[in-house]
Amino acid sequence: MISDFDHLLTESSFERVIFVRDPGARCLAILAIHDTSRGPAFGGIRRHRYQTPTQALADVLRLARAMTLKAALAKIPGGGGKIVLLDRPDLDRAAAYRRIGKAVEQLAGALYTGPDVGTEDPDLEQVATATCYVTRPSRIGPGALAEATATGVLAGIRAVAERLGFPGLTGVHVAVQGVGEVGARLARALLGSGARVTIADADAKRCAVLAAENSGMEVVAPGAIMALPCDVFAPCAFGGIIHDLTMQGFKARAIAGSANNVLSAPIHGQRLFAKGVLYAPDFVVNAGALIHGALWHLDGIAPPKERIEEIGPRVGGILDRARSENLPPEVVAERMAKENLGARS
Ligand code: NAD
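So for the sequence shown, my numbering puts the first residue at 1; every next one is plus one.
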């Protein structure tokens, strides 16, 4: 049987995949550029403790391809890329990020990089010692990208709630998984818009602080959030969370959140569709940071909030088209992205 990884390798064309090694820093990183046919590739740096290098390769390829789809749907004059840094206990973190910076510089503007899970502001400053093709929070504004992502997800949830029969967000019950940079902003904005908000985080302190600051926000254990009966489940922790096991107890009516690659495999999108769960494709809903970061690089100024909020009508249009064509929304979204791209996938 052909695996999803094999499918990705054989069916998707990647422009470049580069392995960056620095034995002194105990560094192995992989840079993937999926598509630059519409402009430079954009993609952040993910630092993660992968079990095998193959897992890291699969992750970087999936993420880079998703960035291409994201950019195409958001009508950004750019494409998809990504970098993963294989974390290990003896990694010389600063040296590894500098080495990645050198590799990005050698690409001479084909790839713009920035933050992703595991990469923090000081890491990006290290990257910036070697290249200008990096989004530095100290320049773009601290929290600006997470804010843009949360704004886009909120707009996406509004569109989803409308399709569930709500006139606005008042009374819509949203379960937010992960209240880090994006999730906390989203949870606050939802509450402020009249939604009922339940949160969970592996870091109990984060939930406690957020709930204490926002009266009415409810907290559940991390293991309970995906089985909560609610209107919208908003995954804002990590991807791959919709799989056979989690689907068994899943009771939300819809999914819209910031996490990338929410479906652990395409088959789970089909199963959600069969179950009647409305799924707002991750690469449409979570494009806020890409839109903000890419336009900041390309135009030299931050885009207006309205440009990010266009994600709402875009999500709505995809959900409506999916319903009329009786297809899973992610299938329709991918097809629309490919239409924007021409023939490339
Ligand atoms: P973050 O690291 O600030 O927050 C993630 C949160 O999830 C943390 O609070 C962490 O404790 C929590 N978490 C981890 N495991 C959990 C579990 N099992 N159950 C519940 N909570 C858990 O990350 P972020 O920047 O807020 O991004 C969140 C997600 O959105 C990531 O998957 C990221 O790739 C994606 N995303 C982020 C942006 C952005 O602009 N930051 C843009 C696009 C996509």
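All C-beta atoms in this analysis are idealised placements derived from N, C-alpha and C, irrespective of residue type, glycine included. None of the values given here were measured: they were computed from a predicted structure.
Rounded C-alpha distance that separates residue i from residue j
{"i": "P329", "j": "S264", "result": "16 Å"}
{"i": "A161", "j": "C230", "result": "11 Å"}
{"i": "F5", "j": "I30", "result": "16 Å"}
{"i": "D299", "j": "A227", "result": "43 Å"}
{"i": "M217", "j": "T198", "result": "6 Å"}
{"i": "T10", "j": "A211", "result": "47 Å"}
{"i": "H297", "j": "A200", "result": "34 Å"}
{"i": "T129", "j": "R93", "result": "14 Å"}
{"i": "I157", "j": "A71", "result": "20 Å"}
{"i": "P77", "j": "N260", "result": "21 Å"}
{"i": "Q55", "j": "P304", "result": "37 Å"}
{"i": "N340", "j": "E334", "result": "10 Å"}
{"i": "R344", "j": "G171", "result": "Residue placement at R344 is poorly supported in this model, since its pLDDT is 49, which falls under 50; the coordinates still yield a value, given next. Near 42 Å, if we compare the C-alpha coordinates of G171 and R344."}
{"i": "E147", "j": "D320", "result": "27 Å"}
{"i": "E181", "j": "V117", "result": "10 Å"}
{"i": "R139", "j": "A74", "result": "23 Å"}
{"i": "I291", "j": "K275", "result": "32 Å"}
{"i": "C132", "j": "I225", "result": "41 Å"}
{"i": "A95", "j": "R46", "result": "16 Å"}
{"i": "G165", "j": "P122", "result": "45 Å"}
{"i": "M434", "j": "A184", "result": "Nothing about residue 434 can be reported from this structure: the residues present for the chain run from 1 to 345 only."}
{"i": "G269", "j": "L107", "result": "35 Å"}
{"i": "A289", "j": "L186", "result": "14 Å"}
{"i": "N326", "j": "I318", "result": "12 Å"}
{"i": "V331", "j": "V262", "result": "14 Å"}
{"i": "A337", "j": "L69", "result": "5 Å"}
{"i": "E213", "j": "D22", "result": "45 Å"}
Start and end residues, beta strand (DSSP E) containing residue i
{"i": "C236", "result": "No beta strand (DSSP E) holds C236; DSSP gives it neither H nor E."}
{"i": "D22", "result": "R16 to D22"}
{"i": "I30", "result": "C27 to I33"}
Top-ranked residue by Cα proximity to residue i, from the options
{"i": "T36", "options": "A187, R206 and E15", "result": "E15"}
{"i": "A252", "options": "A234, E125 and G239", "result": "A234"}
{"i": "G80", "options": "A74, A96, L107 and P40", "result": "P40"}
{"i": "V176", "options": "G24, V134, A256 and Y50", "result": "A256"}
{"i": "P222", "options": "T246, E213 and A32", "result": "T246"}
{"i": "V284", "options": "E325, G249 and E309", "result": "E309"}
{"i": "I83", "options": "A74, I33, R38 and A66", "result": "I33"}
{"i": "G240", "options": "D59, G316 and A159", "result": "D59"}
{"i": "E105", "options": "P77, V20 and G183", "result": "V20"}
{"i": "V209", "options": "G194, S193, V179 and A224", "result": "V179"}
{"i": "R271", "options": "D203, A254 and S258", "result": "A254"}
{"i": "D87", "options": "L63, A103 and T52", "result": "T52"}
{"i": "L85", "options": "Y112, T119 and K75", "result": "T119"}
{"i": "H48", "options": "V17, V182, G192 and P115", "result": "P115"}
{"i": "L61", "options": "V17, A237 and I45", "result": "V17"}
{"i": "A294", "options": "T113, A66 and V331", "result": "T113"}
{"i": "L145", "options": "R321, S324 and A287", "result": "A287"}
{"i": "L154", "options": "S13, I100 and E306", "result": "E306"}
{"i": "S3", "options": "D123, A74 and P266", "result": "P266"}
{"i": "G389", "options": "G312, A110 and G269", "result": "The structure shown does not extend to residue 389, since the chain is modelled only from 1 to 345, so the question has no answer here."}
{"i": "A302", "options": "A202, A204, P142 and V219", "result": "P142"}
{"i": "G249", "options": "R139, F238 and V277", "result": "V277"}
{"i": "Y279", "options": "A322, I45 and L91", "result": "A322"}
{"i": "L28", "options": "P89, S12, L8 and C236", "result": "P89"}
{"i": "S215", "options": "A224, L191 and A110", "result": "L191"}
{"i": "R26", "options": "R98, F42 and R65", "result": "R98"}
{"i": "D203", "options": "V174, V220 and R314", "result": "V220"}
{"i": "E125", "options": "G109, L63, K102 and D244", "result": "K102"}
{"i": "C207", "options": "A237, V232, A195 and G194", "result": "A237"}
{"i": "P137", "options": "G44, S13, M336 and G24", "result": "G44"}
{"i": "H173", "options": "A189, T151, R196 and A64", "result": "R196"}
{"i": "F42", "options": "K338, L8, L111 and S12", "result": "L111"}
For residue i, the residue or residues it bridges with in DSSP
{"i": "P115", "result": "I45"}
{"i": "H348", "result": "Because the chain spans 1 through 345 in this model, residue 348 falls outside it and cannot be assessed."}
{"i": "Y97", "result": "Answer is none; Y97 lacks a bridge partner."}
{"i": "E218", "result": "T198"}
Boundaries (first-last residue) of the alpha helix (DSSP H) holding residue i
{"i": "K82", "result": "Run containing K82: none in the alpha helix (DSSP H); it sits in the beta strand (DSSP E), G79 to L86."}
{"i": "M247", "result": "D244 to Q248"}
{"i": "T54", "result": "P53 to L73"}
{"i": "M336", "result": "P329 to L341"}
{"i": "T315", "result": "Note on identity: in this sequence residue 315 is Val, with Thr being the wrong assignment. From DSSP, the alpha helix (DSSP H) with V315 extends over I311 to E325."}
{"i": "A212", "result": "A204 to E213"}
{"i": "L8", "result": "D4 to E11"}
Report the start-end ranges of each alpha helix (DSSP H) in the stretch 239 to 291 that is 4 residues or longer and not cut off at the edges. 244 to 248, 266 to 275 and 282 to 285
Residue ranges of each alpha helix (DSSP H) run of no fewer than 4 residues wholly in the stretch 104 to 169, ordered along the chain? 121 to 128, 137 to 140 and 144 to 163
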